[in-house]
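Q:
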Ligand code: NIG
Ligand code: FE
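In this note's numbering, the protein residues as written are 135 to 544.
1) If you run the structure through DSSP and keep just helix, strand and coil, what is residue 298?
2) The alpha helix (DSSP H) that contains residue 536, what's its start and end?
3) Within the same chain, show all residues whose beta-carbon is closer than 6 Å to that of residue 282, passing over the 5 residues directly before and after it, in chain order.
4) Pop quiz: residue 368 and residue 404 are said to be a contact at Cβ under 8 Å. What is the actual Cβ separation, rounded to whole angstroms?
5) Ligand 2 and residue 386: does any heavy atom of the ligand fall closer than 6 Å to the residue's C-beta?
6) My parser needs the alpha helix (DSSP H) runs of 4 or more residues fully inside the stretch 202 to 254; what are they?
7) Would residue 287 and residue 311 qualify as a contact pair, given that the criterion is a beta-carbon distance under 7 Å?
8) Report the three-state DSSP secondary structure of residue 394 (helix, strand or coil).
9) Quickly, what does DSSP pair residue 516 with across the bridge? List them, please.
10) Take residue 494 and list the residues in its own chain whose beta-carbon comes closer than 6 Å to its own, dropping the five residues that flank it on each side.
11) At a cut-off of 6 Å, is residue 348 close to ligand 2 when judged by its beta-carbon and the heavy atoms of the ligand?
12) Just to confirm, are residue 162 and residue 451 a CB contact at a threshold of 7 Å?
13) Can you tell me the Cβ-Cβ gap for residue 438 and residue 475, rounded? I've got them flagged as a contact below 8 Å.
14) Would you call residue 351 buried or exposed, if buried means 16 or more other Cβ atoms sit within 10 Å of its Cβ?
15) Should residue 460 and residue 433 be called a contact, given that it needs their Cβ atoms to be closer than 7 Å?
16) Can you tell which of 501, 262, 266, 427 has its C-alpha closest to the C-alpha of residue 484?
17) Going by the C-beta, is residue 455 closer than 6 Å to any heavy atom of ligand 1?
18) Quick one, are the C-beta atoms of residue 547 and residue 249 less than 7 Å apart?
19) Go through its chain and collect everything with a Cβ distance to residue 496's Cβ below 7 Å, but skip five positions before and after it.
20) Restricting to Cα atoms, I'd like to know which of 233, 139, 220 is closest to residue 191.
21) For residue 357, I'd like the list of residues in its chain whose CB is within less than 8 Å of its CB, leaving aside the five on either flank, ordered along the chain.
22) Nearer than 6 Å: is that true of the beta carbon of residue 381 relative to any heavy atom of ligand 1?
23) Could you tell me the alpha carbon to alpha carbon distance between residue 327 and residue 319, rounded to whole angstroms?
24) Can you tell which of 468, 175, 379 has the C-alpha that lies nearest to the C-alpha of residue 528?
25) For residue 408 versus residue 383, is the C-beta distance shorter than 7 Å?
26) According to DSSP, residue 183 sits in a beta bridge with which residue or residues?
27) Assuming residue 499 contacts residue 273 under a Cβ cut-off of 8 Å, what Cβ separation, rounded to an integer in Å, is found between them?
28) Within the stretch 323 to 403, note down every full beta strand (DSSP E) run reaching 3 residues or more, in order along the chain.
29) Compute the Euclidean distance between the alpha carbons of residue 300 and residue 280, then round it to the nearest angstrom.
30) Does ligand 1 have even one heavy atom less than 6 Å from the beta-carbon of residue 146?
31) Under the criterion of a Cβ to heavy atom distance below 6 Å, does residue 353 qualify as lining ligand 1?
32) Are the CB atoms of residue 537 and residue 511 within a distance shorter than 7 Å?
33) Is it true that the CB of residue 388 sits closer than 7 Å to the CB of residue 362?
34) Taking the alpha-carbon positions, what's the residue 395 to residue 454 distance?
35) Assuming residue 137 and residue 172 are in contact, meaning their beta carbons sit under 8 Å apart, how far apart are those beta carbons, in whole angstroms?
36) Work out the CA separation of residue 338 and residue 366 for me, nearest whole Å.
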């Protein structure tokens with residue numbers, strides 16, 4: 135068995151912690167200074183101060199003088215299975231069109247759906263694999279991936295099959311989410327109920343039967359899916375044991391947060407439009423508010439009120455939303471920079487949000503998100519840096535020196 139001992143670390147970050155981090159406690163981050171951490175096989179075995187002795191077999195020693203050890207980022211909201219790219223819409227937006235106007239003209243998600251329907255499963259796998267490798271190199275150790283660019287019976291199953299293959303082939307921890315209700319296909323525009331019927335009566339049962347999705351998502355927002363449609367889809371998923379985890383309140387006070395909480399969603403994501411009522415609703419729930427600041431950055435939306443949420447005692451998670459239309463990047467350290475700069479979060483809050491809280495938001499909190507004995511050894515060692523705040527501060531730099539996934543150096 136391989137046993138890696140990391141010594142002389144400037145700090146072992148998020149050590150010994152479990153559970154969701156809420157409200158004021160989000161600003162505290164446990165850091166064991168001048169420490170060691172021992173990895174046995176694919177798990178974290180133990181840690182301690184350099185003055186204390188360590189017990190156990192060691193096959194490799196890594197000297198981390200001047201460097202921090204952090205749990206890998208958990209990216210609980212992405213769409214990395216897609217075909218091609220959409221930089222033409224990026225240029226259209228520079229010329230003044232809005233994201234919603236592009237979507238109304240049949241661009242946006244429908245544009246990606248057309249491309250995806252024409253792309254083979256193998257080709258989709260290859261393209262997604264490149265993105266998966268890329269995010270692993272920037273410190274992501276767990277990732278949730280959604281369908282939702284298929285928008286037909288066959289193409290949605292094709293996407294979910296690609297995610298299934300990625301789960302098998304990649305060392306990263308991956309969760310799959312069904313997002314058949316991402317946009318209304320043109321052919322169903324005049325008969326929306328028929329599309330909801332397809333999702334509820336045919337796709338969800340097939341997906342449950344073949345165990346193709348861990349979660350059930352709907353883009354519940356102005357111009358996409360209504361509260362009633364969302365209600366039906368989430369209820370159908372819950373009956374089949376597929377918990378919701380939804381897109382809500384990105385473009386308006388859509389009621390998405392309330393309908394998500396009503397159906398016990400694991401997370402509600404985006405939340406640019408969140409007021410007192412929505413905050414109250416979240417306070418009485420186990421639903422993780424998940425913020426995706428690169429989407430607000432890229433689409434030039436206003437940012438979600440993270441400060442208000444945290445000050446009201448809520449937890450928040452951070453994720454990348456990596457997708458071709460609204461966030462063509464999965465670099466989590468940049469997400470942290472945006473959270474600090476534009477959401478008013480401290481570096482400590484941002485690190486908590488992108489580790490333990492985002493682990494909760496994708497259902498992997500017992501295995502990932504902190505450096506706790508028994509958890510999976512998914513972690514990274516930074517380059518020598520002066521402090522943890524240097525990670526979000528140096529927003530184009532690559533702060534990472536070594537990556538360990540399932541106890542193996544990558
Ligand atoms: O999370 N908001 C909905 N879906 C994606 C965007 C998808 C796209 O534009 O392709 C998002 O931002
Ligand atoms: Fe998204």
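Beta carbons: idealized from backbone N, C-alpha and C, even for Gly.
A: Per the coordinate set shown:
1) It is helical.
2) Run containing residue 536: none in the alpha helix (DSSP H); it sits in the beta strand (DSSP E), 534 to 539.
3) 313, 316
4) That pair is no contact at about 16 Å.
5) no
6) 221 to 228, 233 to 238, 243 to 251
7) Their beta carbons are not under 7 Å apart, which means residue 287 does not touch residue 311 by this criterion.
8) helix
9) 534
10) 154, 422
11) no
12) no
13) With 8 Å as the limit, residue 438 and residue 475 do not qualify as a contact, their Cβ atoms being about 14 Å apart.
14) Classification for residue 351: buried.
15) For residue 460 and residue 433, yes; Cβs fall inside 7 Å.
16) 427
17) yes
18) Because the chain in this structure spans residues 135 to 544, residue 547 falls outside the shown range and cannot be described.
19) Cβ neighbours of residue 496 beyond the five flanking positions: 208, 210, 276, 278, 309.
20) Residue 139 is the option with its Cα nearest to residue 191.
21) 234, 237, 238, 385
22) Yes, since a heavy atom of ligand 1 falls inside the 6 Å radius drawn around the Cβ of residue 381.
23) Residue 327 and residue 319: Cα-Cα distance of roughly 12 Å.
24) 468
25) yes
26) 169
27) Not really, about 18 Å apart at Cβ, beyond 8 Å.
28) 349 to 354, 380 to 382
29) 12 Å
30) no
31) True, at least one ligand heavy atom lies under 6 Å from that Cβ.
32) no
33) No; because the gap between Cβ atoms is not below 7 Å, this pair is not in contact.
34) 22 Å
35) 7 Å
36) 12 Å
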